[in-house]
Each structure stands twice: as structure tokens, then as C-alpha cells.
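Enquirer: First, the structure itself, so that you have it in front of you.
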Amino acid sequence: QSVLTQPPSVSAAPGQKVTISCSGSSSNIGNNYVSWYQQLPGTAPKLLIYDNNKRPSGIPDRFSGSKSGTSATLGITGLQTGDEADYYCGTWDRSLSGGVFGGGTRLTVL
Amino acid sequence: EEQLVESGGGLVKPGGSLRLSCVASGFTFSSYSMNWVRQAPGKGLEWVSSINDKSNYIYYADSVKGRFTISRDNAKNSLYLQMNSLRVEDTAIYYCARMGPHDYSNYWGQGTLVTVSS
């Protein structure tokens, strides 16, 4: 059971928009920055969003992040088949004194 | 270009030990905190341990506390994970990752597979 809660799967058609939620508590998301990672099959995770809503260099603006209270959301617009991957949210948990991840969400582009 | 290369994984029996290494290049290793994150087969990401630049702040997941030890040698641009009393449930790909200022991991290695089995 992960400390952060994500839906196991989401799906949408090419060109459409999808959102992935990440729910936590005041000890983690509520008082820390959230990051999001994309993991393509058979590869290492890749940072997509950091500090709740910032994109590293090279990440297209189709990817966006937001945070409100103890929840965060990853948004992906203009879906492409190459976006099919597992997506994870992550943050620091002050009560655990450790990093925490969501259980991951598998995106299927139909 | 920032690069992290892990090594040291392999097959080990329950109760055994392994030492993972991660060599960094392309950035000033001594200026960054570092993470170990693992992923069991078919499962999600699990944070394992973090160490700051000067090795004076170290954190462990409860699942490995007392069995694993993180360390670094800034002169060798290297991060380590000493894993003792290994259990079957420690079987995973172990990634090292460079940390940003707010606890995110912005560069990841390709991972090294640890298999604990009799």
C-alpha cells in the first residue's frame, strides 16, 4: 500500500487530454513539493515535473502539474502513442523522514 | 552530460550481502544529495535511502533500516549501497538518482538488478 494514492490506470484517445491524480496527506504533499516521473517500458524513470508545476528542460509543455492542499495532478494534452507509460508522483514525507511515491498509473493511448 | 552508472547487482542467497556502486560523471558530484530507489519486478517505485552532499544527513526506508547502509566517496564521484541480511523481498532493480533542491530525482542511472533467491 503506497503512501500516495494514484489511480492504477487511465486511458484516452490520441490527441485528447488526460489527468492523473495523486492524493496524500499533510505530512507529505500538504507540506512539500511534488514531482512526477514517466517510466517507459524497460527504461529508467524520467523526471517530468518538479516543484509541483515546473518542467525540466526538454519536457514539452503538453505536460503540466498542479497541487492543491494534499493532492496533486499531472495533466497531459495532445496525447501521443509515445506517451504510453507508467507515471509516478513523488514527494518527501516529514513523518516518515523519507521519500514516498505513488503506486503508479499506467496510461494507455487508445 | 550528466551520467550515473550502477553496478554490483547479481544473484545472492537470502541472508547474504551485496554492495552496489554508482559512478557519476558530467556534474559536480560533491554538490548534490543522492538517492537509491528500487523497483521490484512488475511493481512500482520504492524510495530506499538518501544521503546529502556531506554525508551528514542520511535517511532510510523502514523496510531496509538496520540492514542497508548508504555512503559516498566524493573524491571518487561514487555512491554506494551496502546491503546485508538480504531477503527475497529485496529483489528489485536498484536505481541511483541525483536529487534536486526539493527532494526530486532529476537524473537516474540505468539500474542494476538484485535477485535474492535460494
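Residue numbers (my numbering), protein chains in the order written: chain A, -13 to 96; chain B, 599 to 716.
Glycine included, every Cβ here is placed at the ideal spot set by N, Cα and C.
Note that the coordinates shown come from a computational prediction; the quantities given were computed from them, not determined experimentally.
1) Let's see if you can read the secondary structure: which residues bound the beta strand (DSSP E) around B:E604?
2) Beta carbon of A:C75, beta carbon of A:Q2: below 8 Å?
3) Return no unless some Cβ of chain A is closer than 8 Å to the Cβ of B:D688.
4) Look at the Cβ atom of A:L65, then the Cβ atom of A:V(-4), and state whether they are nearer than 8 Å.
5) Determine whether the Cβ of A:P(-6) lies closer than 8 Å to any Cβ atom of chain B.
6) Got a sec? Which residues, its chain only, sit under 7 Å from A:G85 by beta carbon, not counting five neighbours each side?
7) Within a Cβ cutoff of 6 Å, which residues of the same chain sit near A:Y19, ignoring the five residues on either side of it in sequence?
8) Which first and last residues belong to the beta strand (DSSP E) in which B:I649 is found?
9) Shorter than 8 Å from the beta carbon of A:A71 to some beta carbon of chain B?
10) Just how far apart, CA to CA, sit A:P27 and B:S605?
11) Near B:I691, what residues of its chain come up, given a Cβ to Cβ distance below 6 Å and the 5 sequence neighbours on each side ignored?
12) Interface residues of chain B around A:T77 at Cβ under 8 Å?
13) Are any of the Cβ atoms in chain B nearer than 8 Å to that of A:L60?
14) Identify whether B:F625 lies in helix, strand or coil by the three-state DSSP scheme.
15) Taking only three categories from DSSP, how would you classify A:T67?
16) What residue range is occupied by the uninterrupted beta strand (DSSP E) comprising A:L(-10)?
17) Note the first and the last residue of the continuous beta strand (DSSP E) segment covering B:G608.
18) Would you decide whether A:T91 is buried or exposed? Buried here means 16 or more other CB atoms lie within 10 Å of its CB.
19) For the 8 Å Cβ check, are there 3 or more pairs between the segment 43 to 57 of chain A and the segment 608 to 616 of chain B?
20) Find the nearest neighbour of B:C620 within the set B:N704, B:M697, B:Y693, judged by alpha-carbon distance.
21) Check the C-beta distance from A:G89 over to B:G640 and give it rounded, since I have them as a contact under 8 Å.
22) Tell me, to the nearest whole angstrom, how far the beta carbon of B:S703 is from that of B:N633; I am working on the premise that it is less than 8 Å.
Expert: A quick look at the data gives this:
1) Segment 601 to 605, the beta strand (DSSP E) holding B:E604.
2) no
3) no
4) no
5) no
6) G76, W78
7) D37, N38
8) 643 to 649
9) No - not a single Cβ of chain B is within 8 Å of the one on A:A71.
10) 21 Å
11) Excluding sequence neighbours, B:I691 sits near Q637, G709, L711.
12) Within 8 Å Cβ-Cβ: D701.
13) Contacts with chain B at 8 Å (Cβ-Cβ) do not include A:L60.
14) In the structure shown, B:F625 sits in coil (DSSP, three-state: anything other than H, G, I, E or B).
15) helix
16) A:L(-10) -> no beta strand (DSSP E), and no H or E assigned at all.
17) 608 to 610
18) buried
19) no
20) B:Y693
21) Contact flag wrong, Cβ pair sits at about 12 Å.
22) 5 Å
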